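Quick note on numbering: the sequence shown equals residues 1 to 73 in UniProt numbering. See below for the structure under consideration.
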Amino acid sequence: MSCGDHPYPPCYSICCHPGQNAEKAKATIKRENPLVTTAILLPGQRPIEDYCCNRVFVWADDNGNVNRVPVIG
1 MSCGDHPYPP
11 CYSICCHPGQ
21 NAEKAKATIK
31 RENPLVTTAI
41 LLPGQRPIED
51 YCCNRVFVWA
61 DDNGNVNRVP
71 VIG
């Protein structure tokens, strides 16, 4: 299994959709599930290679907005 294969299920919420603020998405994920670790990845950053089912990556653009649906990884 590789990072980016599975969207984070609760992220069907509008705050996690592309174009929304990444910090807000991170806070929403943390509020909805305090057991997960959330990391914002900016352009050029790569996710950690070891898969972890309680980690969520929020991909952001240069403006700090979500640019793809957050994924488990």
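All C-beta atoms in this analysis are idealised placements derived from N, C-alpha and C, irrespective of residue type, glycine included. The structure presented is a predicted model; accordingly, all values stated were derived computationally and were not measured.
Residue(s) in a DSSP beta bridge with residue i
i: Leu41; result: Trp59
i: Asn65; result: Asn21
Identity of the residue in the options nearest residue i by Cα
i: Cys52; options: Asn65, Ile72 and Thr28; result: Ile72
i: Thr38; options: Gly44, Gln45 and Thr28; result: Thr28
Residue i, enclosing alpha helix (DSSP H) - first and last residue
i: Arg31; result: Ala22 to Glu32
Integer Cβ distance of residue i from residue j, believed to fall under 8 Å
i: Asn54; j: Ala22; result: Not a contact, Cβ separation roughly 19 Å.
i: Val56; j: Pro70; result: 5 Å
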